[in-house]
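Heads up, the thing below is written out as structure tokens.
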Amino acid sequence: MFKNVAELIQLAESKGEKISEIMIQQEADVKQVSREEIFSQMERNLAVMEKAVEDGLKGVKSHSGLTGGDAVLIQDYMRDHEPLSGNLLMDAVSKAVATNEVNAAMGTICATPTAGSAGCVPGTLFAVKNKLNPTREQMVRYLFTLGAFGFVVANNASISGAAGGCQAEVGSAAGMASAAIVEMAGGTPAQSAEAMAITLKNMLGLICDPVAGLVEVPCVKRNAMGATNAIVSADMALAGVTSRIPCDEVIDAMYKVGQRMPTAFRETAQGGLAATPTGKQLEAKVYGMPLEKE
Amino acid sequence: MKYRSVFDIIGPVMIGPSSSHTAGAARIGRAARHLFGREPHYANIHLYGSFKETYKGHGTDVAIVGGLLDYDTDDTRMSKSLDTAREKGIKVQFFEEAAQTDHPNTARIKIGDEQDELELVGISIGGGKAEITELNGFELKLSGSHPAILLIHNDRYGAIASATTILASNEINIGRMEVSRKGEGEQALMVIEVDQNIDDSVLSELERADHITQVAKISD
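Read top to bottom, the protein sequences are chains H and G.
Residue numbers for the first sequence follow the UniProt record's numbering, beginning at 1 and rising by one.
Residue numbers for the second sequence follow the UniProt record's numbering, beginning at 1 and rising by one.
Below is the structure:
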């Protein structure tokens with residue numbers, strides 16, 4: 001079982017295999033079931049992601065009314081205008097937003113690695129899909145590749161906002177997605193690790209400050225930015241840019257930053273955007289309570 | 001390693017909005033339900049840390065009760081669980097606890113009926129994964145990555161041997177095992193993590209074994 005990114009890359013390089021393949025083989029060993037069974041289980045997760053994107057692009061609204069409908073706005077904008085940041089980035093943004101809007105509306109999603117960060121992976125995947133035209137198998141492999149990186153983060157740091165802030169959720173999700181984009185675009189295992197490192201570096205210190213404690217504001221838009229960050233970092237890694245700080249050390253730094261984060265910034269809805277005057281007003285409105293509750 | 005499967009990272013498929021506050025919470029509730037073995041008549045649910053702060057917005061209350069009703073994380077009946085419990089006559093109460101716990105997402109669940117009561121502490125560690133850290137006053141560590149059997153027994157000669165003999169005769173390999181007791185000769189708990197899923201026939205064999213009073217299985 002690989003314990004860190006360095007071991008994962010070494011395994012892939014020594015066997016001459018893709019990272020997705022290393023993850024599939026490890027999973028088959030751990031679960032003692034066939035490769036086919038593992039693959040079809042992941043295929044079902046892919047179908048859930050695809051459905052959530054579709055549902056979100058039709059327009060959904062959360063019970064609180066705080067989020068919903070932005071994915072549609074972005075798609076309309078792309079149809080009528082040439083986005084400044086390009087079609088692929090905005091497509092990823094809209095699909096990440098779509099997924100998180102469905103999540104906020106208590107729809108069915110696949111946690112990747114968590115529900116609050118469920119948008120980065122499908123957002124990037126279904127946008128990059130239009131550019132790279134992957135087979136269904138390559139799309140499933142995308143999930144195994146990023147699963148391998150997420151596996152390392154979960155075991156050596158954290159993927160929970162309550163434990164490590166949003167850097168552990170959207171940060172990890174974006175990093176994972178970035179590594180998978182590289183593999184799908186034909187990059188090497190080492191380039192996947194560089195992309196993960198570059199993305200996660202740029203998500204360090206991100207606090208978890210959900211307004212009214214709901215997985216809506218700022219979670220939905222942070223997934224949009226996570227998806228963007230993932231695609232840009234993947235391009236940088238494919239261009240040959242490397243991270244001066246190795247991926248495992250970045251993951252460790254993320255963990256240590258999370259540990260030192262005050263509880264107000266770890267999903268308690270007591271700091272950051274949740275503690276702004278408007279954040280407090282929204283909280284009072286959602287729960288129908290007086291503004292000064294203390 | 002806390003996480004052993006790629007599906008702990010990519011998954012679970014679940015009803016939103018929060019993997020730790022909804023899916024993980026549902027799994028804690030469901031673990032309590034499975035250990036109790038039947039639908040409880042009452043449930044007192046104590047919430048700590050981030051669970052306490054944000055449970056209403058995240059539907060943590062809804063999810064724990066959904067788990068107690070034996071719903072999986074992606075069961076679409078989840079959002080109506082509080083109503084369903086009420087219709088079934090299950091008395092559910094929530095308590096917001098100020099005490100600091102080791103983990104920010106902690107729930108203490110007491111469920112029972114006329115015959116029996118069960119008390120369990122669960123933590124939601126992220127990405128929908130939950131751990132049970134305490135059962136009926138016994139501290140324990142269940143990774144959730146392997147099927148596990150919990151055996152409540154009396155602290156007597158041969159109790160452990162009879163359990164392990166049954167597992168051996170059914171060719172079930174023990175990966176990890178932990179035994180604790182309240183005091184010499186008193187109630188005790190065996191936690192056995194095994195490599196493969198366990199048939200109900202093995203469980204009923206264990207139930208009949210010497211000095212064993214209660215048997216429950218937890219699968220991932």
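A virtual CB, placed ideally from N, CA and C, is assigned to each residue, including glycine.
These numbers come from a predicted model, not from an experiment.
Quick one, which residues of the region 192 to 206 of chain H are near chain G if we go by CB-CB under 8 Å, in chain order?
Per Cβ criterion, the list is empty.
Over the uninterrupted alpha helix (DSSP H) stretch that includes Cys42 of chain H, give me the two end residues.
In the sequence under discussion, the amino acid at residue 42 of chain H is Met, which differs from the Cys named in the question. Boundaries of the alpha helix (DSSP H) harbouring Met42 of chain H: Arg35 to Lys58, taken from the DSSP string.
Using alpha carbons as the reference points, say which of G:Ala188, G:Gly122 and G:Glu171 lies closest to Arg27 of chain G.
The shortest Cα separation from Arg27 of chain G among G:Ala188, G:Gly122 and G:Glu171 belongs to G:Gly122.
Cys110 of chain H - partner residues in DSSP beta bridges:
DSSP, once it has assigned bridges, lists G:Val13 as partnering Cys110 of chain H.
Return the chain-ordered list of same chain residues with a C-beta closer than 6 Å to the C-beta of Glu294 of chain H, the five sequence neighbours on each side being excluded.
Interpretation of Glu294 of chain H is limited by its pLDDT of 46, a score under 50 that renders its predicted location unreliable; the figure taken from the coordinates is listed afterwards. Counting only Cβ-Cβ distances below 6 Å, and skipping sequence neighbours, we find nothing.
Please list, in chain order, all residues of the same chain as Arg86 of chain G whose beta carbon is under 8 Å from its beta carbon, the five residues on each side excluded.
Within its own chain, the residues whose Cβ lies closer than 8 Å to the Cβ of Arg86 of chain G, once the five positions on either side in sequence are excluded, are Val92, listed in chain order.
Judging by CA-CA distance, which residue of G:Ile172, G:Arg181, G:Glu184 and G:Arg176 is the nearest neighbour of Leu206 of chain G?
It is G:Ile172.
Closest Cα partner of His21 of chain G within the set H:Pro277, H:Ala274, H:Glu267 and H:Gly271:
For His21 of chain G, the nearest C-alpha among the options comes from H:Glu267.
Which residues in chain H sit within 8 Å of Thr22 of chain G, going by Cβ to Cβ distance?
Below the 8 Å Cβ cutoff, chain H contributes Ala115 as neighbours of Thr22 of chain G, in chain order.
Taking 8 Å as the threshold (C-beta atoms), are Ile90 of chain G and Gly29 of chain G in contact?
Against a cut-off of 8 Å, the Cβ pair of Ile90 of chain G and Gly29 of chain G comes out as no contact.
Opening and closing residue of the alpha helix (DSSP H) in which Ser192 of chain H lies
Start and end: Pro189 to Lys201.
Taking only the alpha-carbon atoms, compute the straight-line gap between Glu68 of chain G and Pro104 of chain G and give it to the nearest angstrom.
Reading off the sequence, residue 68 of chain G comes out as Leu, not Glu. Answer to the nearest angstrom: the Cα atoms are 21 Å apart.
Nearest CA to the CA of Glu184 of chain G: which residue from G:Asp199, G:Thr133 and G:Arg156?
Per the Cα distances, G:Arg156.
Jot down the residue ranges of each uninterrupted alpha helix (DSSP H) in the region 96 to 152 of chain H, minimum 4 residues, whole runs only, in chain order.
Runs of the alpha helix (DSSP H) lying entirely within the region 96 to 152 of chain H and spanning at least 4 residues, in chain order: 120 to 132.
Here's a check: name, in chain order, each residue in its chain whose Cβ is nearer than 6 Å to the Cβ of Ser178 of chain H, leaving out the five neighbours to either side.
Non-local C-beta neighbours of Ser178 of chain H in its own chain, meaning closer than 6 Å and more than five positions away in sequence, comprise Ala195, Met196, Thr199, Ala230, Ser233 and Ala234, ordered along the chain.
Which term fits Asn87 of chain H, buried or exposed, when burial requires 16 or more other beta carbons within 10 angstroms of its beta carbon?
By the neighbour-count rule (16 or more Cβ atoms within 10 Å), Asn87 of chain H is not buried but exposed.
Give me the Cβ distance between Leu46 of chain H and Val140 of chain H, rounded to the nearest whole Å; I'm assuming they're in contact under 8 Å.
With 8 Å as the limit, Leu46 of chain H and Val140 of chain H qualify as a contact, their Cβ atoms being about 6 Å apart.
Could you have a look at Gly128 of chain G and say whether DSSP puts it in helix, strand or coil?
For Gly128 of chain G, the three-state secondary structure derived from DSSP is coil.
For a test of your reading of the model: does the CB of Gly16 of chain G fall under 7 Å from any non-hydrogen atom of the ligand COA? Yes or no.
The ligand COA is not part of the structure shown, which contains no ligands of any sort.
What residues in the region 101 to 130 of chain H have a beta carbon less than 9 Å from any beta carbon of chain G?
Result list: Val102, Asn103, Ala104, Ala105, Met106, Gly107, Thr108, Ile109, Cys110, Ala111, Thr112, Pro113, Thr114, Ala115, Gly116, Ser117, Ala118 and Val121.
Between which residues of its own chain and Val30 of chain H is the CB-CB distance below 8 Å, once the five residues before and five after are set aside?
Excluding sequence neighbours, Val30 of chain H sits near Met1.
Just to make sure I have the definition right: I need the residues of chain G whose C-beta is within less than 9 Å of the C-beta of Tyr287 of chain H. Which are they?
Under the 9 Å cutoff, chain G gives Lys56 and Gly57.
Hey, could you find the ends of the beta strand (DSSP E) Ile192 of chain G is sitting in?
For Ile192 of chain G, the enclosing beta strand (DSSP E) begins and ends at Gln187 to Val194.
Using a Cβ cut-off of 7 Å, pull out every chain H residue sitting near residue 225 of chain G, in sequence order please.
Missing from the structure shown is residue 225 of chain G; chain G here goes from 1 to 220 and no further.
Return the Cβ separation of Cys110 of chain H and Ile10 of chain G in integer angstroms, given the expectation that the two are a contact with Cβ distance under 8 Å.
With a contact defined as Cβ atoms closer than 8 Å, Cys110 of chain H and Ile10 of chain G qualify at about 7 Å.
First and last residue of the beta strand (DSSP E) that includes Gly175 of chain G?
Counting along the chain, Gly175 of chain G sits inside the beta strand (DSSP E) bounded by residues Ile174 to Arg181.
In the DSSP output, which residue or residues are listed as bridge partners for Arg208 of chain G?
According to DSSP, Arg208 of chain G bridges with nothing at all.
Residues of chain H with a CB under 7 Å from the CB of Pro104 of chain G: which are they?
Close to Pro104 of chain G, with beta-carbon spacing below 7 Å, are these residues of chain H in chain order: Ala162, Ala163 and Arg266.
Using 10 angstroms around the beta-carbon of Gln115 of chain G, count the other beta-carbons present and answer buried if the total reaches 16, otherwise exposed.
Exposed is the call here.
Neighbour flag for Glu17 of chain H against chain G, beta carbons, 8 Å:
Closer than 8 Å: no.
If you measure beta-carbon to beta-carbon, which residues of the region 61 to 90 of chain G are closer than 7 Å to chain H?
So the close ones are Asp74 and Ser79.
With distances taken from CA atoms, which of H:Glu283, H:Ile251 and H:Ala148 is nearest Gln25 of chain H?
Ranking the options by Cα distance to Gln25 of chain H, first place goes to H:Ala148.
Chain H beta carbons: is any one of them nearer than 8 Å to that of Ile198 of chain G?
Between Ile198 of chain G and chain H, the shortest Cβ-Cβ separation is not below 8 Å.
In chain G, which residues lie with their C-beta within 7 Å of the C-beta of Gly272 of chain H?
In chain order: nothing, as chain G lies at least about 14 Å away.
Taking Cβ positions, are Ile207 of chain H and Gly272 of chain H nearer each other than 8 Å?
Contact flag set, yes.
Closer than 9 Å, Cβ to Cβ, to anything on chain G: give me those residues from the region 19 to 35 of chain H, in chain order.
Correct list: Met23, Ile24, Gln26, Glu27, Val30, Lys31 and Gln32.
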